[in-house]
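2 protein chains.
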Amino acid sequence: MSLSPVAKEMSIPVIKTACSNCNLRELCLPFGLSEEEMARLDDLINVRKRVRRGEHLYRTGQTFESIFAIRSGFFKTDVLLEDGRDQVTGFQMAGELLGLDGISSEQHSCNAVALEDSEVCHIPFSRLEQLSREIETLQHHFHKVMSREIVRDHGVMMLLGTMRAEERLAAFLLNLSQRFTARGFSHAEFNLRMTREEIGSYLGLKLETVSRAFSRFQEEGLVAVQQKHIRILDIPGLKQIMSHHSH
Amino acid sequence: MSLSPVAKEMSIPVIKTACSNCNLRELCLPFGLSEEEMARLDDLINVRKRVRRGEHLYRTGQTFESIFAIRSGFFKTDVLLEDGRDQVTGFQMAGELLGLDGISSEQHSCNAVALEDSEVCHIPFSRLEQLSREIETLQHHFHKVMSREIVRDHGVMMLLGTMRAEERLAAFLLNLSQRFTARGFSHAEFNLRMTREEIGSYLGLKLETVSRAFSRFQEEGLVAVQQKHIRILDIPGLKQIMSHHSH
DNA sequence: CGGGGGGTTTGATCCATGTCAACCGGAAAA
DNA sequence: TTTTCCGGTTGACATGGATCAAACCCCCCG
Numbered sequence: 001m002s003l004s005p006v007a008k009e010m011s012i013p014v015i016k017t018a019c020s021n022c023n024l025r026e027l028c029l030p031f032g033l034s035e036e037e038m039a040r041l042d043d044l045i046n047v048r049k050r051v052r053r054g055e056h057l058y059r060t061g062q063t064f065e066s067i068f069a070i071r072s073g074f075f076k077t078d079v080l081l082e083d084g085r086d087q088v089t090g091f092q093m094a095g096e097l098l099g100l101d102g103i104s105s106e107q108h109s110c111n112a113v114a115l116e117d118s119e120v121c122h123i124p125f126s127r128l129e130q131l132s133r134e135i136e137t138l139q140h141h142f143h144k145v146m147s148r149e150i151v152r153d154h155g156v157m158m159l160l161g162t163m164r165a166e167e168r169l170a171a172f173l174l175n176l177s178q179r180f181t182a183r184g185f186s187h188a189e190f191n192l193r194m195t196r197e198e199i200g201s202y203l204g205l206k207l208e209t210v211s212r213a214f215s216r217f218q219e220e221g222l223v224a225v226q227q228k229h230i231r232i233l234d235i236p237g238l239k240q241i242m243s244h245h246s247h
Numbered sequence: 001m002s003l004s005p006v007a008k009e010m011s012i013p014v015i016k017t018a019c020s021n022c023n024l025r026e027l028c029l030p031f032g033l034s035e036e037e038m039a040r041l042d043d044l045i046n047v048r049k050r051v052r053r054g055e056h057l058y059r060t061g062q063t064f065e066s067i068f069a070i071r072s073g074f075f076k077t078d079v080l081l082e083d084g085r086d087q088v089t090g091f092q093m094a095g096e097l098l099g100l101d102g103i104s105s106e107q108h109s110c111n112a113v114a115l116e117d118s119e120v121c122h123i124p125f126s127r128l129e130q131l132s133r134e135i136e137t138l139q140h141h142f143h144k145v146m147s148r149e150i151v152r153d154h155g156v157m158m159l160l161g162t163m164r165a166e167e168r169l170a171a172f173l174l175n176l177s178q179r180f181t182a183r184g185f186s187h188a189e190f191n192l193r194m195t196r197e198e199i200g201s202y203l204g205l206k207l208e209t210v211s212r213a214f215s216r217f218q219e220e221g222l223v224a225v226q227q228k229h230i231r232i233l234d235i236p237g238l239k240q241i242m243s244h245h246s247h
């Protein structure tokens with residue numbers, strides 16, 4: 001049963017979806033803001049949208065107007081080349097921003113697809129710029145978030161350019177583990193939201209190679225894999241694989 | 001003969017190195033600013049620094065305080081992994097910014113090395129943020145520049161993840177050509193500032209593979225290669241290689 | 001003018017990953 | 001319960017690029 005407008009008017013307490021009571025505020029844009037500043041940020045985020053599994057949040061070429069903060073759920077972004085090849089450029093989870101790539105050309109330069117039922121906050125970009133001209137903390141934090149995206153991308157370039165298959169998968173699992181931990185989930189046990197093919201696309205590998213690497217990790221007792229369910233058994237072992245360069 | 005301080009005091013016209021008379025202003029940060037706004041940007045860029053070939057502009061781990069705009073010259077950025085592997089993450093030329101990756105953690109996350117004698121403008125970041133709170137155009141343009149870097153990185157991820165050796169090199173040459181063109185140089189003839197090994201590192205290939213790909217292009221009449229001197233003979237041909245996926 | 005050395009080219013061989021194909025297994029439909 | 005189907009696993013084989021090695025070339029320096 002959903003609350004009627006009348007219920008609101010009768011001032012029955014309603015859980016307002018707002019930055020100030022969002023448990024992701026320490027990971028997301030509001031980081032470091034005062035109560036009053038957060039309220040002003042709230043003001044500009046007046047649309048929250050559900051995106052069901054498999055649906056696009058935006059597509060390449062669409063006019064860029066807003067960035068999105070993930071309230072809950074899981075997304076992938078991918079780029080499509082004219083000749084049909086495509087690549088997953090990232091997986092995004094709660095508290096992360098989507099759409100930063102659209103600022104440069106005023107249109108989105110990748111597709112964003114929900115990998116599970118998700119909810120996003122819609123942040124009109126020009127209003128965010130306006131507010132960040134007024135709130136130094138917000139401005140600086142936003143710059144940090146963009147910069148972090150650049151650093152992340154450099155990490156992926158490193159992975160794609162210098163690592164072999166098992167190193168890539170180890171790095172990928174450790175990265176997921178670390179991000180789940182930061183969100184208060186188990187660092188050792190989680191469900192993958194993406195297929196082997198999507199993992200492979202992200203890591204520059206074919207799905208068979210990803211599958212074989214998982215099997216190998218399993219044999220060596222590093223992880224327990226059951227379909228999409230992953231239990232990481234030996235984090236130091238994975239770290240060693242990641243950086244145990246044979247040459 | 002250099003001008004003495006006395007000459008300046010006698011108000012003999014001195015070419016001031018300033019954004020307003022920099023021929024890169026349309027590519028660089030000042031893009032879209034009024035004369036008055038550009039003067040304010042000039043105010044904050046009071047150090048211009050020479051970096052000789054082979055010297056570091058900054059190193060991984062150094063405290064981040066400024067970003068740098070390249071006035072002239074050519075740089076590479078690279079990341080070093082603990083196990084000794086490294087990768088070139090980009091090549092930067094006049095009008096481009098260096099150091100954006102340092103914002104996120106307040107320390108530089110890569111090395112920037114001059115590949116030829118260069119000159120950079122030193123832009124204290126906190127003052128840039130301050131000014132961009134006051135000048136909307138500057139703020140927006142800066143955001144676009146950061147976003148463009150993200151889009152560029154996605155392009156490189158695509159290249160590393162889905163392209164084969166010759167496609168990567170074709171993409172690389174076309175990209176250089178296009179950037180030289182934008183700076184008023186010949187789009188068809190230029191000198192590479194980097195070694196085959198650096199190209200390989202950037203493209204996720206070994207130097208021998210890069211060399212072989214060059215030879216192949218030469219055989220096929222796509223380019224004329226003589227050491228570091230490159231003449232592009234067939235741009236459509238290169239474009240076709242880049243996107244002529246065999247599968 | 002004659003080394004010397006870094007960068008480059010080219011050849012021969014090897015190997016990690018791609019490719020192709022068969023099979024498996026769990027979830028949803030019938 | 002059985003069927004279907006999609007995603008995943010596993011095997012056999014092919015291949016692009018890595019590796020190792022030698023020779024070459026250009027530029028700098030004595």
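As you go down the protein sequences, you meet chains R and F in turn.
Residues 1 to 247 (this note's numbering) are what the first sequence spells out, left to right.
Residues 1 to 247 (this note's numbering) are what the second sequence spells out, left to right.
Ideal placement from N, C-alpha and C gives every residue a C-beta, glycine not left out.
Treat the numbers as computed from the prediction; the structure is a model and nothing was measured.
7 Å Cβ cutoff met for residue i and residue j
i, j, result
"R:F75", "R:A18", "no"
"R:G204", "R:L160", "yes"
"R:Q92", "R:L98", "yes"
"R:E166", "R:I230", "no"
"R:M157", "F:V88", "no"
"R:E106", "R:F64", "yes"
"F:N111", "F:R152", "no"
"R:K228", "F:I103", "no"
"R:I232", "R:A171", "no"
"R:R127", "R:L44", "yes"
"R:R53", "R:D117", "yes"
"F:L33", "F:T137", "yes"
"F:S177", "R:E82", "no"
Local conformation of residue i per DSSP, three classes
i, result
"F:E55", "coil"
"F:F75", "strand"
"F:G204", "coil"
"F:M10", "Confidence at F:M10 is low in this model, with a pLDDT of 49, below 50, so its placement is unreliable and the value that follows should be read with caution. F:M10: coil per DSSP, three-state reduction."
"F:F190", "strand"
"F:D86", "strand"
"R:M1", "For R:M1, the pLDDT reaches just 42, beneath the cut-off of 50, and the residue's location in the model is therefore unreliable, leaving the point undetermined."
"R:H122", "strand"
"F:R109", "Checking the displayed sequence, the identity of residue 109 of chain F turns out to be Ser instead of Arg. Residue state, collapsed to three classes: coil."
"R:P236", "helix"
"F:S34", "coil"
Buried versus exposed, by CB contacts within 10 Å (16 or more), residue i
i, result
"R:H154", "buried"
"F:A69", "buried"
"F:K239", "exposed"
"R:A7", "Note that R:A7 scores 43 on pLDDT, short of 50, meaning its location in the model is unreliable and no value can be drawn from it."
"F:E219", "exposed"
"R:Q139", "buried"
"R:G95", "buried"
"F:E134", "exposed"
"F:T162", "buried"
"F:T77", "buried"
"R:L29", "buried"
"F:A39", "exposed"
"F:E36", "exposed"
"R:H108", "buried"
"F:T181", "exposed"
"F:S66", "buried"
"R:S215", "exposed"
Residues that residue i contacts on chain R, provided the C-beta gap is smaller than 9 Å
i, result
"F:C110", "V151 and H154"
"F:E136", "E129, Q130 and R133"
"F:M158", "V79, L81, R85, D86, Q87 and T89"
Neighbouring residues, chain F, relative to residue i (Cβ below 9 Å)
i, result
"R:T162", "L81, R85, D86, Q87, S201 and G204"
"R:Q139", "E129, S132, R133 and Q139"
Residues bridged to residue i (per DSSP)
i, result
"R:C22", "None, per the DSSP bridge assignment."
"R:K144", "Paired residue(s): none; R:K144 is not in a bridge."
"F:V151", "Partner(s): none; F:V151 has no beta bridge."
"R:K49", "R:V120"
"R:L231", "Looking at the sequence itself, residue 231 of chain R is Arg, so the reference to Leu does not match. Beta-bridge pairing links R:R231 to R:E189 and R:A224."
"F:F180", "Note: F:F180 sits in no beta bridge, so no partner."
"F:M93", "F:F74"
"R:I67", "R:I123"
Chain F contact residues for residue i, given Cβ-Cβ distances below 7 Å
i, result
"R:M38", "Chain F residues near R:M38: none, gap ~19 Å exceeds 7 Å."
Chain-ordered neighbours of residue i on chain F, where CB pairs are closer than 8 Å
i, result
"R:H143", "I103, E129 and M146"
"R:S243", "L81, E82 and D83"
Contacts that residue i makes with chain R (C-beta to C-beta distance below 7 Å)
i, result
"F:L248", "Residue 248 of chain F lies beyond the residue range present for chain F, which begins at 1 and ends at 247; the question has no answer from this structure."
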